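Here the structure comes first, spelled out in structure tokens, and everything after it is commentary.
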Amino acid sequence: MKKQFLVKTAAGLLVATSLSAFETQAQELKVTPMVTAPRVLKKRIDFSFLQTHPFIVKDQTIDLAWPINGQLQLAVNNSPNFYYAGATKPFTPAPTAVTAGKITSLAAFNGIQDVPLCYRNTPQLIVGGAVTGFDFTSSIGLTFGYSPAGNTSGKDLVDVSVDVSTSTMTLNLEGDNPISKQIIDMGSASANDTSTTINSTINFANFNISPSFFFSSKLNDVAMKGMTTGLSSLASSPQVSAMPWEAQVTDPADLALTINAGTKAGLKCGDVLDIYNQTYFYDPSVDPCKTTAVTHFDSDPTGQPSATITIRHLQPDASMTSGDDIVWFDLRGVQAGAVVRQNKTLTDAHPERCN
Numbered sequence: 038m039k040k041q042f043l044v045k046t047a048a049g050l051l052v053a054t055s056l057s058a059f060e061t062q063a064q065e066l067k068v069t070p071m072v073t074a075p076r077v078l079k080k081r082i083d084f085s086f087l088q089t090h091p092f093i094v095k096d097q098t099i100d101l102a103w104p105i106n107g108q109l110q111l112a113v114n115n116s117p118n119f120y121y122a123g124a125t126k127p128f129t130p131a132p133t134a135v136t137a138g139k140i141t142s143l144a145a146f147n148g149i150q151d152v153p154l155c156y157r158n159t160p161q162l163i164v165g166g167a168v169t170g171f172d173f174t175s176s177i178g179l180t181f182g183y184s185p186a187g188n189t190s191g192k193d194l195v196d197v198s199v200d201v202s203t204s205t206m207t208l209n210l211e212g213d214n215p216i217s218k219q220i221i222d223m224g225s226a227s228a229n230d231t232s233t234t235i236n237s238t239i240n241f242a243n244f245n246i247s248p249s250f251f252f253s254s255k256l257n258d259v260a261m262k263g264m265t266t267g268l269s270s271l272a273s274s275p276q277v278s279a280m281p282w283e284a285q286v287t288d289p290a291d292l293a294l295t296i297n298a299g300t301k302a303g304l305k306c307g308d309v310l311d312i313y314n315q316t317y318f319y320d321p322s323v324d325p326c327k328t329t330a331v332t333h334f335d336s337d338p339t340g341q342p343s344a345t346i347t348i349r350h351l352q353p354d355a356s357m358t359s360g361d362d363i364v365w366f367d368l369r370g371v372q373a374g375a376v377v378r379q380n381k382t383l384t385d386a387h388p389e390r391c392n
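Numbering of the sequence shown is given in our numbering, commencing with residue 38 and proceeding in unit increments.
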């Protein structure tokens, strides 16, 4: 007697079938493998400054520079494309000697010139720009604030505390190269992206006292819309979207390497990364840390990485690997400040070896 099995039909009914019929049905099944989108690492950014324009409410001048710049950092914390790992601290340049325009560091590692200290631990982008418009409409239809067309005076308002019905913000963000300071690309948020119903009483005078008053008001929603849209626009811009993800080696050693990217960037245990030593060139008559006329490129002209690593130990802003998880191609080792890039589509390998 053949064993009976219960099989669910397309209509959701359970029917009994024999082993032979079950086998026949199994052979006819076409299984479509589940496709998982490759994991995308977040680019590390730092901030310059978002310019704002003061405007008049009743008899007071209101400047939203503090809360607006604080809001940008809050928006980056929720961005799927960027992360903020803390401001890059200024470095004191290491002693250098100049040979035909090429930096020769006196603090070399195994004979390899180290990247100048001022160019180590740098972000991929410096994000800044301007809020070109932030206007408000009161419950009785008066418009005030400023827009790309210019300021709209709020002197006719009866009080600095206003019943605001709607608000819009326009924003232009730019991503700059942290070394050359040249603009890489731009993103924007238009009034259509940020027009928001407020229907709330706003005491604008409080914003000059502390940014916390802004963050706890409904105008915070308007600014968050603008920042989120602007960051998304910047991330999808042609030049920024084409930039490969990069990090840097902060602590090279013979048996272990530490890089300046971790879980905030989206790295996971088992990720495979390539490391490329760098050669820097600059005007030999100027300190390389005091000029933007600097260029650098991978030291190996064939594109061969200096080493390939598998990440094992992760922290929010750093990762480390050691021993057999480092494959050396440049027998001299890896320099401090060497560039780290993705090796291939990210997968988790040997998670049992992670901590």
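All C-beta atoms, glycine included, are put in the ideal place defined by N, C-alpha and C. Model, not experiment: these values are computed from the prediction.
Would residue i pass as an interface residue toward chain C - the criterion being a Cβ-Cβ separation below 9 angstroms?
{"i": "Arg76", "result": "Annotation note: the requested chain C is absent from the structure, which comprises a single protein chain."}
If residue i and residue j are in contact, beta carbons under 8 angstroms, what's the gap, nearest whole angstrom?
{"i": "Asn297", "j": "Asp354", "result": "7 angstroms"}
{"i": "Leu292", "j": "Ser356", "result": "Between Ser356 and Leu292 the Cβ distance is about 16 angstroms, and since that is not below 8 angstroms, they are no contact."}
{"i": "Phe244", "j": "Pro104", "result": "6 angstroms"}
{"i": "Ala112", "j": "Met264", "result": "3 angstroms"}
{"i": "Leu101", "j": "Phe251", "result": "7 angstroms"}
{"i": "Asp320", "j": "Thr329", "result": "Not quite, the Cβ-Cβ distance comes to about 10 angstroms (not below 8 angstroms), so this is no contact."}
{"i": "Lys95", "j": "Lys192", "result": "7 angstroms"}
{"i": "Thr266", "j": "Thr231", "result": "7 angstroms"}
Do residue i and residue j have their CB atoms nearer than 9 angstroms?
{"i": "Thr345", "j": "Val364", "result": "yes"}
{"i": "Glu211", "j": "Gly170", "result": "no"}
{"i": "Ala290", "j": "Arg81", "result": "no"}
{"i": "Thr159", "j": "Ser204", "result": "no"}
{"i": "Val77", "j": "Pro117", "result": "yes"}
{"i": "Pro325", "j": "Val331", "result": "yes"}
{"i": "Arg378", "j": "Tyr313", "result": "yes"}
{"i": "Tyr121", "j": "Phe86", "result": "no"}
{"i": "Gln276", "j": "Ile216", "result": "no"}
Excluding five sequence neighbours on each side, which residues of the same chain lie with their C-beta closer than 8 angstroms to the C-beta of residue i?
{"i": "Ser237", "result": "Asp200, Val201, Ser254, Lys255"}
{"i": "Thr189", "result": "Phe92, Asp172, Thr180, Phe181, Gly182, Tyr183"}
{"i": "Thr358", "result": "Ala293, Leu294, Ile346, Thr347, Ile348, Arg349, His350"}
Excluding the five sequence neighbours on either side, which residues of its own chain have a C-beta within less than 7 angstroms of the C-beta of residue i, listed in chain order?
{"i": "Asn380", "result": "Val309, Leu310, Asp311, Thr345"}
{"i": "Gly374", "result": "Asp151, Val152, Tyr156, Arg157, Gln285, Val286, Gln315"}
{"i": "Phe366", "result": "Gln341, Pro342, Ser343, Ala344"}
{"i": "Ala260", "result": "Ile105, Gln108, Met206"}
{"i": "Val195", "result": "none"}
{"i": "Lys126", "result": "Because Lys126 carries a pLDDT of 40, less than 50, the predicted location of this residue cannot be relied on, and the following value inherits that uncertainty. Once the five neighbours on either side are set aside, Lys126 has no close Cβ partner at all."}
{"i": "Ser176", "result": "Asp200, Ser202"}
{"i": "Ile99", "result": "Pro91, Phe92, Phe241, Phe244, Asn245"}
Beta-carbon within less than 6 angstroms of residue i's beta-carbon, same chain only, minus the 5 sequence neighbours each way: which residues are those?
{"i": "Gln97", "result": "Val197, Ala242"}
{"i": "Asn240", "result": "Ser198"}
{"i": "His333", "result": "Gln315, Tyr317"}
{"i": "Leu162", "result": "Ile82, Gly212"}
{"i": "Asp288", "result": "Thr295"}
{"i": "Asp335", "result": "Tyr313"}
{"i": "Gln88", "result": "Ala167"}
{"i": "Phe119", "result": "Lys79, Lys80, Ile82, Val113"}
Counting only runs of 3+ residues fully inside the segment 150-176, write out the beta strand (DSSP E) ranges in chain order.
-> 162-175
Is the segment 220-240 in contact with the segment 269-276, if contact means three or more CB pairs nearer than 8 angstroms?
-> yes
Pick out the complete alpha helix (DSSP H) segments inside the segment 164-246, 4 residues or longer, and give them in chain order.
-> 228-231
What alpha helix (DSSP H) runs, 4 residues minimum, are completely inside the segment 312-373?
-> none
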